[in-house]
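Participant:
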Amino acid sequence: MTRSLLLAAAASLALLGASSADTASTAAQPAMLASIKSGAPTRMVYELDARAMVFILPVSGRASFTVDMKPDAYAIKSRVRTTGLADIFVNYDMNLTAEGQTTVKGLKTTKYVSENKDGKKDRRVELDVTDKGFRMTAKPRFGNLGDPAATAEQVIQTNDPLTALITFALEPRAKGADVCGGPIRVFDGRQLTYLHLKRGKTGMVKQKTPAWSGDTIECHVTMDKIAGYKKGEVNKDTLTGIDGPIRMYLAPLENGSHVPVKIVADTDKIGKVTLQARTLRFEPLVTASTHTGGSGGGR
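Numbering-wise (numbering that gives the first Met the number 0), the sequence shown opens with residue 0 and increments by one.
#1: Since Ile245 is in the beta strand (DSSP E), which residue starts that stretch and which ends it?
#2: Straight-line CA distance for Val272 to Ile262?
#3: State the beta-bridge partners of Gln100 as determined by DSSP.
#4: Over what stretch of residues does the beta strand (DSSP E) that includes Ile155 continue unbroken?
#5: Is there a Cβ from chain B that is less than 7 Å from the Cβ of Met222?
#6: Closer than 6 Å by C-beta to Ser63: which residues in its own chain qualify, once you throw out the five before and the five after it? Chain order, please.
#7: Taking Cβ to Cβ, would you say Thr109 is nearer than 7 Å to Glu125?
#8: Contact between the segment 203-213 and the segment 168-183 is defined here as three or more beta-carbon pairs at a separation below 8 Å; is this criterion met?
#9: Quick check: what's the CA-CA separation for Arg80 versus Ala276?
#10: Counting only runs that start and end within the segment 132-196, where is the alpha helix (DSSP H) found for 4 or more residues in a row?
#11: Whole angstroms is fine: what's the gap from Thr41's alpha carbon to Pro251's?
#12: Once DSSP output is grouped into helix, strand and coil, what is the label at Met203?
#13: Could you pull the start and end residues of the alpha helix (DSSP H) that Ile216 belongs to?
#14: Taking DSSP as the reference, what is the three-state secondary structure of Leu284?
#15: Could you check what DSSP says for Ala39 in three-state terms: helix, strand or coil?
#16: Taking only the alpha-carbon atoms, compute the straight-line gap between Ile216 and Pro182 and give it to the nearest angstrom.
#17: Using C-beta distances below 7 Å, list every residue in its chain close to Tyr228, excluding the 5 sequence neighbours before and after it, in chain order.
#18: Could you give the DSSP three-state label for Ser256: helix, strand or coil?
#19: Where does Ala49 sit, in a helix, a strand or coil, going by DSSP?
#20: From Gly202, Asp121, Val220, Asp187, pick the residue whose C-alpha is nearest to that of Val112; which is it?
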C-alpha cells in the first residue's frame, strides 16, 4: 500500500470514529450493519486533519469522506489532499471511490477507483473484484505489478483501502474476541498488504479529540507487504518512513462498533504524525424508497 493510500485508509478509520462519537451517549442501539440491513440506510460525512512538524514548519493533510450505506450496497467518495516537505507527505491530491455489497458481517468491495494528481505521476486506477477474480486497469500503466504480483486467489479475500478499514470499524466482534481484531487485508489495484493488530496497553486509555473525549482501546498496527511491491520489499512489517507500530485508538460504542478516534505514527524523518477526526455529520440516507415505500436508489 502506498503512502498516499496509507493516509487515505488511516483517514477513513479516524473519521469513522467521529461519527460514532455522537451516538455513544445515547441508549444502546442495534449493531450498525444489522440496522442498515434491516432497512435504515445511513450516510456518514467526515472531514479529517493530519498534522506533523518539519523543523518549525507545519505539514498538513485533509481528507473528506461521504459513506452511503444501503441494505444491499454501499458507496464511498473521498478526497485526500496533503501538502508537505518530506516523502511521507508529498503533495497528493486524490479522489477515491469505492462501492460494493453490504452484509450484517461487513462490507465487500466490488469496485474501487483511485485518481491521483500530484504533478509528477498522475494516475487513474480502476479495480473490479468478483468472487472469482479481479480486473485492474491503470492509466498510465504501471511499469510492473510487483515481484511477486498479487494473485486472484489473494485478491478475492481482500477489500480496497477505504472499504477494508471502514468495515473493520463496523464489523461486530464476537464475545470474548480480541477487540483490535485483524488481520485487515487490503488491495489497492497493485499492492496487497496485511495489517496486523494487537492490543497495546491493557487498560483503557483516555483520549480527547474534537470528536471524542473519554476511554479508548489502544491497538498497535504493523504491516506485511504480501504482493505487488518491489523485489525485496515483501514481508517487511512497516512502510518506508514509519518507525515502529502505528498506534490506533478505538472508541468502544454502545452499538457494538469499535471505531478509531485517533491514529498516531512515528516517522524517521518528521517525527510524530497525528490523524484525528475534525468534523462530521451522521444522518439517515434519503432514498427513493423512503418516499415511495418501494425499491429505489439513493439520491
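Just so it is clear, CB atoms sit at the ideal spot from N, CA and C, and this is done for glycine as well. It should be emphasised that the depicted structure is a prediction, and the values quoted were computed from it without experimental measurement.
Facilitator: For this structure:
#1: Counted from its first residue, the sequence shown places residue 245 at position 246. Counting along the chain, the unbroken beta strand (DSSP E) around Ile245 starts and ends at 245-251.
#2: Taking the sequence shown and counting its residues from 1, the one referred to as residue 272 is at position 273. Taking the sequence shown and counting its residues from 1, the one referred to as residue 262 is at position 263. Between Val272 and Ile262, the C-alpha separation is close to 8 Å.
#3: Position 101 of the sequence shown holds residue 100. In the DSSP assignment, Gln100 is bridged to Ala72, Lys107.
#4: By one-based count along the sequence shown, residue 155 stands at place 156. Counting along the chain, Ile155 falls outside any beta strand (DSSP E), and DSSP gives it neither H nor E.
#5: No chain B is present in this structure, which holds just one protein chain.
#6: The residue you call residue 63 lines up with position 64 of the sequence shown. Hits under 6 Å: Glu46, Arg78.
#7: The sequence position of residue 109 within the sequence shown is 110, counting from 1. The sequence position of residue 125 within the sequence shown is 126, counting from 1. Not closer than 7 Å, so no.
#8: Judged by Cβ distances under 8 Å, the segment 203-213 makes no contact with the segment 168-183, as fewer than three pairs qualify.
#9: Position 81 of the sequence shown, counted from the first residue, corresponds to residue 80. Position 277 of the sequence shown, counted from the first residue, corresponds to residue 276. Taking the straight line from one Cα to the other gives about 15 Å.
#10: Those alpha helix (DSSP H) runs which fall completely within the segment 132-196 and span 4+ residues are 151-154, 160-169.
#11: Here residue 41 is taken as the residue at index 42 of the sequence shown, counted from 1. Here residue 251 is taken as the residue at index 252 of the sequence shown, counted from 1. Pro251 has its alpha-carbon roughly 20 Å from the corresponding atom of Thr41.
#12: Within the sequence shown, the letter at position 204 stands for residue 203. DSSP places Met203 in the coil class of the three-state scheme, outside both helix and strand.
#13: The sequence position of residue 216 within the sequence shown is 217, counting from 1. Under the DSSP assignment, Ile216 falls outside any alpha helix (DSSP H), being part of the beta strand (DSSP E) whose first and last residues are 211-226.
#14: Within the sequence shown, the letter at position 285 stands for residue 284. In the three-state DSSP reduction, Leu284 falls in the coil class, being neither helix nor strand.
#15: Here residue 39 corresponds to residue number 40 of the sequence shown, with the count starting at 1. For Ala39, the three-state secondary structure derived from DSSP is coil.
#16: On the sequence shown, position 217 is the one that residue 216 refers to. On the sequence shown, position 183 is the one that residue 182 refers to. Roughly 17 Å separates the two Cα atoms.
#17: On the sequence shown, position 229 is the one that residue 228 refers to. If we look at Tyr228 and ignore the five residues flanking it on each side, its Cβ neighbours are Gly145, Gln190.
#18: Numbered from its first residue, the sequence shown carries residue 256 at position 257. Of the three classes helix, strand and coil, the one that applies to Ser256 here is coil, per DSSP.
#19: The count along the sequence shown starts at 1 and reaches residue 49 at position 50. The answer is strand: DSSP assigns Ala49 an E or B state.
#20: Within the sequence shown, residue 112 is the residue found at index 113, counting from 1. When Gly202, Asp121, Val220, Asp187 are compared, the shortest CA-CA separation from Val112 is found for Asp187.
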